Structure formats: C-alpha cells, structure tokens
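There are 2 protein chains.
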Amino acid sequence: MTEATTTRNRQPSMADVAHAAGVSAQTVSRALRGSPHVNAETRRRVIDAVEQLGYRYNSAPKVLASGRSYTLGLVLLQAGGYYSRSAVTAGVEAAAGQAGYSVSIATIAELDTALMEKALLKLSDQGVDGIVIAVPLISVTQRMEDITRDIPTVTVDGSRTAGAAVLGIDQQEAGRIATQHLLDLGHRQVWHVAGPDEWIEARQRRQGWQECLAAAGIDVPPPLQGDWSPESGYRQGRILAMIPEVTAVFVASDEMAFGVIKALRERGRSVPEDVSIVSVDDIELAAFCHPPLTTVRQDFYRSGATAVAVLLGSEHDAEPALAPASLTIRSSTAAPQ
Amino acid sequence: MTEATTTRNRQPSMADVAHAAGVSAQTVSRALRGSPHVNAETRRRVIDAVEQLGYRYNSAPKVLASGRSYTLGLVLLQAGGYYSRSAVTAGVEAAAGQAGYSVSIATIAELDTALMEKALLKLSDQGVDGIVIAVPLISVTQRMEDITRDIPTVTVDGSRTAGAAVLGIDQQEAGRIATQHLLDLGHRQVWHVAGPDEWIEARQRRQGWQECLAAAGIDVPPPLQGDWSPESGYRQGRILAMIPEVTAVFVASDEMAFGVIKALRERGRSVPEDVSIVSVDDIELAAFCHPPLTTVRQDFYRSGATAVAVLLGSEHDAEPALAPASLTIRSSTAAPQ
DNA sequence: GGAGCTTATGTTATCGATGCCATGACCAAC
DNA sequence: GTTGGTCATGGCATCGATAACATAAGCTCC
Chain R
1 MTEATTTRNR QPSMADVAHA AGVSAQTVSR ALRGSPHVNA ETRRRVIDAV
51 EQLGYRYNSA PKVLASGRSY TLGLVLLQAG GYYSRSAVTA GVEAAAGQAG
101 YSVSIATIAE LDTALMEKAL LKLSDQGVDG IVIAVPLISV TQRMEDITRD
151 IPTVTVDGSR TAGAAVLGID QQEAGRIATQ HLLDLGHRQV WHVAGPDEWI
201 EARQRRQGWQ ECLAAAGIDV PPPLQGDWSP ESGYRQGRIL AMIPEVTAVF
251 VASDEMAFGV IKALRERGRS VPEDVSIVSV DDIELAAFCH PPLTTVRQDF
301 YRSGATAVAV LLGSEHDAEP ALAPASLTIR SSTAAPQ
Chain Y
1001 MTEATTTRNR QPSMADVAHA AGVSAQTVSR ALRGSPHVNA ETRRRVIDAV
1051 EQLGYRYNSA PKVLASGRSY TLGLVLLQAG GYYSRSAVTA GVEAAAGQAG
1101 YSVSIATIAE LDTALMEKAL LKLSDQGVDG IVIAVPLISV TQRMEDITRD
1151 IPTVTVDGSR TAGAAVLGID QQEAGRIATQ HLLDLGHRQV WHVAGPDEWI
1201 EARQRRQGWQ ECLAAAGIDV PPPLQGDWSP ESGYRQGRIL AMIPEVTAVF
1251 VASDEMAFGV IKALRERGRS VPEDVSIVSV DDIELAAFCH PPLTTVRQDF
1301 YRSGATAVAV LLGSEHDAEP ALAPASLTIR SSTAAPQ
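Residue numbers (the numbering used here), protein chains in the order written: chain R, 1 to 337; chain Y, 1001 to 1337.
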C-alpha cells in the first residue's frame, strides 16, 4: 500500500527494479553492468523489470561516491571567427563519449582574462574531471593557475599555461607547405598575414613560413598581423595592396584571406592574376566564394579527440601524434606574370 | 591523528570546513548560499576556513538528493553548414548558466534518425533536466518520442515533434523582408532557393516569400531546394543560370547564396548587374566575400537564450517573444537593367 | 514576567549506485 | 567427511549537501 504511493512520486531506482525482479539491488547493478557472475536467467528477469518499470540509470550516486564527475569541460570562443573549430567540439565529444564521459561547455564571448577565469571557475565548480581549452590564453592569471593545477587541462592550439598540457599540432608544417607551394609556382617572395601572436598556431605557422623562405635563401619580409577575422584581413590587405612588388601572400586563415582579397580587389589587383593567395583551414565556403581558395586543410576533429586521449590517458609525457596537414589547390594561386 | 591521515586522501567537504570554523555543516551551507540568518562574524569564519582548506563546492549530493541534475542537454549538428548556429550555443549556455544550469553537448555527424536517437538517449542517460535541439528532425521515431515525453524538450528552428515545443521564430518575416526589398528595387519576379523542407525555418521563409509575391499580385514561380550547403546552392544556381528571365533570387542562407553566385558567374551572369541576390543569416564572411551580400540578419544568440527560458520557465503556453530580423543592404542587389 | 516572536545555530534523515564483505550452494580433491 | 575453491547473490556502509525539524538565546509588548 505504501508501495503504490511512494512509487508514483519518483523515478524508479535499482531497488525498485530489484523488488520487481525478486533480487537484491546489488544483483541488479551487476546484471546491468555486465558482470560475469550473474545467472543468465536472473539477468533476463532484471532486464524485463527494467523495461517494465521504465528504469533509467542514475549516475549521481556514482559521482557522489567516487568523487569523480565523469564530465569533461570544454572552453569555446563564441566569436564566429573560428568556424573550423566546431570540428574540435565534435572530436572532443566523440572521444569523451567513447570513454564514458560527457562534455560540458563554457563559452566566452571574447578573449579576456576575466571571462576566461569565469569560464574555468564555472567548470571547476561543476566538478569536471578535466578541461579542454579550445581558446587561446592571452595572459595567465593566478586563479587560472590554481584551477589548472587542480584539474588536468589540455589546450588545443592555444597559448601555453603552466599546469596545462598543450597539444602539439604541426602548424609549422602547414606554413611550410603553403609557402613552398608559392615558391614552386615561381614567386620570388612570399608575404605573410599572421594570426594573433598569442596563439601558438599563429606563431608556428609564421615560423614555418620564415623557415621555408630562409631555406630558399630569401630575405624574410616583415609579417603583418590580423586577429583571424575577415575584417582584420581586409585591413592588412589594404597595406599589401599599396606595395607593388607583392605577388604572393600566405594568410594564416581562410577568413582573413577573403578580407585580404577584398582589399586587393578594391585597389585593382586581382587574385590570382596579380597576387597569389594561400591560406589555412579549408572552411566549406573556401571552394565557393570567389576566387576559390588554395588552402591547407587540417584535421580539427582529430585534434579534439587527441586532446581527450591526452587528458584521460597516461600520455602525459609521450608526445601525441601530430595531426596531418594537406594542401588543397584551387584558383587563388598562379605563376607570377 | 586519524584526522591527519583521512584528510589527505580526499577533497575537503563542508564537514571539514565546519570543523575548521567551529560550526556545523549546515551553517557552512547557509553561509555559502547567502542565507540571511547567519551572523556576519560566523560567515567570515566560514569563508576563511573555505579559503584556508581550498574547499570547492560539490554539486553531486544536491543532484542525488534533489533528483535533478541541473544540466541541460544541447544537440548540435557537426556539419559546418550552420555557422550562425554557434551563437545558439552561446545563448543557451549563457541563459542556462544564469539559472544555475550547466550545458552538456551531444553532436551528431549528419541528419540521421539513428544518430539522433543515440544523441537523445545519451543525454537522457546523463539525466539532463531538459534538452535543446538545434538540429532538424527528419522523422521522429518511437524512441525519440519516449525520451521527449520524459524530458522537457525545445527545438530551435527545427521540425516539429510530438512532446517537444518548437520555438517560434518569425522566419516568415525574414522571407517577406527579403522579397519585398527585391520588389522595391523594381524586379518583376523573385525566384527562391529554399532550405530543406524538414526545417520549419526553411518552410517559413518560403511562405514569407510566397505571401509577399501573392500580395503583390505576382505569380509564384516554383521554388528550388537546397540543403543549406554552398554545394547545394551551386547546383540550384546552375539551373537558375539557364533561365534568362531570372533577375532576382531570394536564397534561404548566405552559404547557399555564395554557391548560387558561383554558378551564375560560371554562366557569365554577374551579381548584381544581371541578377540580384538576397539571403538570410549575415555570417561574418557575407561582407567580405565577393560580392558582399545583402542579407537578413537574425539573432541566434537570443534564440538560444529564449529556448532555455522556455525550457526552465513556466512559459509552456505563452508564446515566447519573436526574435527580430533586420535587412543589411550590401552589394548583391541592384535595380534590374 | 511570561507569551510570542525573531534570529542563529545544531541534529537527523535523505537521495541511490556500488565497493566490500558475508553467506550459502555446489563441486572436487584429499 | 572435511577442506578449499568457485559461483551467485545479499547486507551494509559510504559518498556530501541540504530540507525539515529542533533548540537556544535574545527581544518586544502587554
């Protein structure tokens, strides 16, 4: 009689299932977790009871007792300038799910240390077991250090922080491939519009470009710098458009590349006839805007998955495999005239 | 003596703080939650103890005891074709955070009922208190129905499912504004490249276009249909390019619009001289690719926030405020020649 | 001066899965 | 027949914040 009233008021628990199946809660746990020490017939009865009662697993007690939340935190930048990063999200989530972890997000509106602190603190308060930062850190504050000391943290393509492992992606290779392509076409000089210097990937791409030019015995021109946005590419493009000898530019992202192209066009210089452009990312629109971009594609999905592997695995020291980069040749590059 | 050994092995709890501050755990709880019935001096002692011990709040017991997880699920589409949706994520997360909820994500690689089932089931197993679907549902299966019956669900701009409220955004208005702009420029006919028919927003935009034409006494031409991707826009654009009388097209998304423009250009028809194009979204690249797009901007951040409000609030019946739409005029539209 | 109220604090019970140990059944080996 | 082993299962304790109730002290007002 009490049973009827109490049962109605809450979700069924393992005890309810146990009662219905005529076994103990412990046996229900074992049956559902696939323990080998459960009679096949008993397991069937348990599963029948589960279906009949509509029982759903509740992870809260496990979380409470184990002291772990089986949740990973993911810090994302809200700004639209990082489209390709959405694949990082998918990679993180897939790898986390595989390992029985769920992913909780914290977005920050812009690159600001206070917002970053808030995001990390929020995830920390949620009790996440690890954090993947898919956002660069401009400068690291004491509070960030405190949090990343307590919770394993991996940064994907961001800047380095004490206590947080940084995933090594071979951005240098991307810069090298792009620059070499332009040299192979016959250009004697390659200019560069870089990303923000706080980003490791921006710095590495710039280094790849520098080294490639140096290896070819070419003087390295001063790099221009944007902030990943098309707008910033446009601003740097206006500068490049005023320099007559510019015939080839390696731009650190597709979005900035379109900004550069717009600026060049406005000054009467067309791509690729007058200036060749290579960029990095291969966003979907790269093939459909005009001109279709020659660009270096990267596997962000894999980066996200690797970040989780580093976080959960024992690979704290072993350097994870580098995500591969490949050049897609379209119509923004040509031999100089 | 026991104290020293046990204290080292786990995170400090409220009981530890209580012991250090010389009060009860209950008082610690009240002090930290900002209860008015706590002496200022006592509160200070508690806070000191918290800092000294490095105590961090643990939500697991509350989750266990309350039966609610204080977590919302968010279903996202991995595909890059929905860039503007990233703002939905931020809106959802901000509004959820405001209400003390965290956001757990589930991404699906493509529009597939099996993947959708898996994503919903995953969130359900995590015990989320509500689900925001930022993905269209092609067809609803029994399992989806079961889950959305148990857990409050809101779909942002997707297709309707029993048991899931759908956020009413005035997409019709977007279609109307876009079409009217073209008519105002002097075009006698406006064609349409729609999104997938499963998407409510695609249907509503199409309806807005239809009604606007009908109101102007113009015969409605057959709509073409894409899948939001630039590639699909390109395919439909090739068809439009073969029809001489086409001078104005309303395209349901910026990305498809660039595909349409590419196809038109390949057939020697330039935008806006020969054909005017208006689309919807106003992604960042809309202003920087060529030609800069005239497009209808929408507030996706607000849509995400509203979705959470609907989910958590008592606004089950009250229709939420419609997100506003506004036209940004750039260079893809002109008067017919 | 005591009833009635407010304020500050403590005590106890609770949520539900699971780790640990206990128990009983059965079997084989000596 | 007793020991020692495995297998299937049950009982109990545990994790930590907090709701509900209890208590004690101080204050006001007739």
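For glycine and all other residues, C-beta sits at the position ideal for the given N, C-alpha and C. Remember, predicted model here, so these are calculated numbers, not experimental data.
Do you know whose CA, among the options, lies nearest residue i's CA?
i: Asn58/R; options: Ala1106/Y, Ala1095/Y, Ala1109/Y, Gly1127/Y; result: Gly1127/Y
i: Tyr1055/Y; options: Ala40/R, Met14/R, Ser124/R, His192/R; result: Ser124/R
i: Leu327/R; options: Ala65/R, Ala174/R, Ala99/R, Arg265/R; result: Ala174/R
i: Glu255/R; options: Cys289/R, Val154/R, Gln210/R; result: Cys289/R
i: Val1140/Y; options: Gly1130/Y, Lys1118/Y, Asp1129/Y; result: Lys1118/Y
i: Phe1300/Y; options: Gly1034/Y, Ala1018/Y, Ala1025/Y, Ser1086/Y; result: Ser1086/Y
i: Ala1286/Y; options: Met1014/Y, Ser1331/Y, Ser1024/Y, Gln1098/Y; result: Ser1331/Y
i: Gln1298/Y; options: Ile1243/Y, Glu1231/Y, Ile1177/Y; result: Ile1177/Y
i: Gln11/R; options: Gln1052/Y, Val1050/Y, Ser1066/Y; result: Ser1066/Y
i: Ala49/R; options: Gln172/R, Glu266/R, Val75/R, Asp16/R; result: Asp16/R
i: Gly1186/Y; options: Ala1114/Y, Ala1216/Y, Ala1025/Y; result: Ala1216/Y
i: Thr247/R; options: Glu198/R, Val278/R, Gly233/R; result: Val278/R
i: Ser232/R; options: Arg265/R, Leu121/R, Pro196/R, Val156/R; result: Pro196/R
i: Lys1122/Y; options: Arg302/R, Gln142/R, Gly97/R; result: Gly97/R
i: Gly268/R; options: Gln78/R, Pro244/R, Ser13/R; result: Pro244/R
i: Gly1313/Y; options: Val1038/Y, Gly1208/Y, Val1154/Y, Ala1021/Y; result: Val1154/Y
i: Gly73/R; options: Arg235/R, Leu53/R, Gln142/R, Met116/R; result: Met116/R
i: Leu53/R; options: Ala20/R, Val38/R, Val75/R; result: Ala20/R
Residue i: buried (16+ other C-beta within 10 angstroms of its C-beta) or exposed?
i: Ser1229/Y; result: buried
i: Ile329/R; result: exposed
i: Ile283/R; result: buried
i: Glu110/R; result: exposed
i: Thr1006/Y; result: Its pLDDT being 39, under 50, Thr1006/Y is placed unreliably in this model, and the coordinates cannot settle the point.
i: Asp281/R; result: buried
i: Gln337/R; result: exposed
i: Ile261/R; result: buried
i: Ala325/R; result: buried
i: Pro1036/Y; result: exposed
i: Ala1004/Y; result: At Ala1004/Y, the pLDDT of 39 sits below 50, so the modelled position is not reliable and the matter cannot be decided from this model.
i: Gly34/R; result: exposed
i: Ile1200/Y; result: buried
i: Ala114/R; result: exposed
i: Ser340/R; result: Absent from the model: residue 340/R. The displayed extent of chain R is 1 to 337, so no value can be given.
i: Ser1270/Y; result: exposed
i: Ile108/R; result: buried
i: Arg339/R; result: Coverage of chain R is limited to positions 1 through 337, which leaves residue 339/R absent and any answer about it impossible.
i: Met14/R; result: buried
i: Gly1022/Y; result: exposed
i: Met242/R; result: exposed
i: Gln1142/Y; result: exposed
i: Gln26/R; result: exposed
Report yes if the CB atom of residue i is closer than 9 Å to the CB atom of residue j, and no otherwise.
i: Ala1095/Y; j: Thr1306/Y; result: yes
i: Pro1272/Y; j: Ala1202/Y; result: no
i: Leu240/R; j: Ala214/R; result: no
i: Ala1194/Y; j: Gly1226/Y; result: yes
i: Asp1129/Y; j: Thr1071/Y; result: yes
i: Pro223/R; j: Arg206/R; result: yes
i: Gln210/R; j: Asp170/R; result: no
i: Val339/R; j: Val308/R; result: Shown here, chain R extends from 1 to 337; a query on residue 339/R therefore has no answer.
i: Ile1218/Y; j: Val1190/Y; result: yes
i: Leu1064/Y; j: Val63/R; result: yes
i: Ala40/R; j: Val28/R; result: no
i: Ile1131/Y; j: Pro1152/Y; result: yes
i: Val275/R; j: Val249/R; result: yes
i: Val1156/Y; j: Gly1304/Y; result: yes
i: Ala60/R; j: Ser1069/Y; result: yes
- Could you tell me which uninterrupted beta strand (DSSP E) segments, each at least 3 residues in length, are contained entirely in the segment 1128-1153 of chain Y, listed from first to last along the chain? Listed in chain order, they are 1130-1133.
- Task: Kindly confirm or deny that the segment 178-189 of chain R and the segment 146-157 of chain R touch, where touching means at least three C-beta pairs closer than 8 Å.
- Result: The segment 178-189 of chain R, when compared against the segment 146-157 of chain R, does not touch it at the 8 Å Cβ threshold.
- Message: I'd like to know if the segment 1041-1051 of chain Y and the segment 1091-1105 of chain Y are in contact, where contact means that at least 3 CB-CB pairs between them fall below 8 Å.
- Response: They do not touch, by the three-pair rule.
- Task: Report the residue ranges of all beta strand (DSSP E) runs contained in full by the segment 1036-1097 of chain Y; include only those spanning at least 3 residues, in chain order.
- Result: Fully enclosed beta strand (DSSP E) runs of 3 or longer: 1071-1077.
- Task: Identify every run of the alpha helix (DSSP H) within the segment 277-326 of chain R, keeping only runs that are complete inside it and at least 4 residues long; order them along the chain.
- Result: Segments of the alpha helix (DSSP H) lying fully in the segment 277-326 of chain R: 300-312.
- Let me know the alpha helix (DSSP H) ranges lying completely inside the segment 167-232 of chain R, each 4 residues or longer, listed in chain order. Segments of the alpha helix (DSSP H) lying fully in the segment 167-232 of chain R: 171-184, 200-215.
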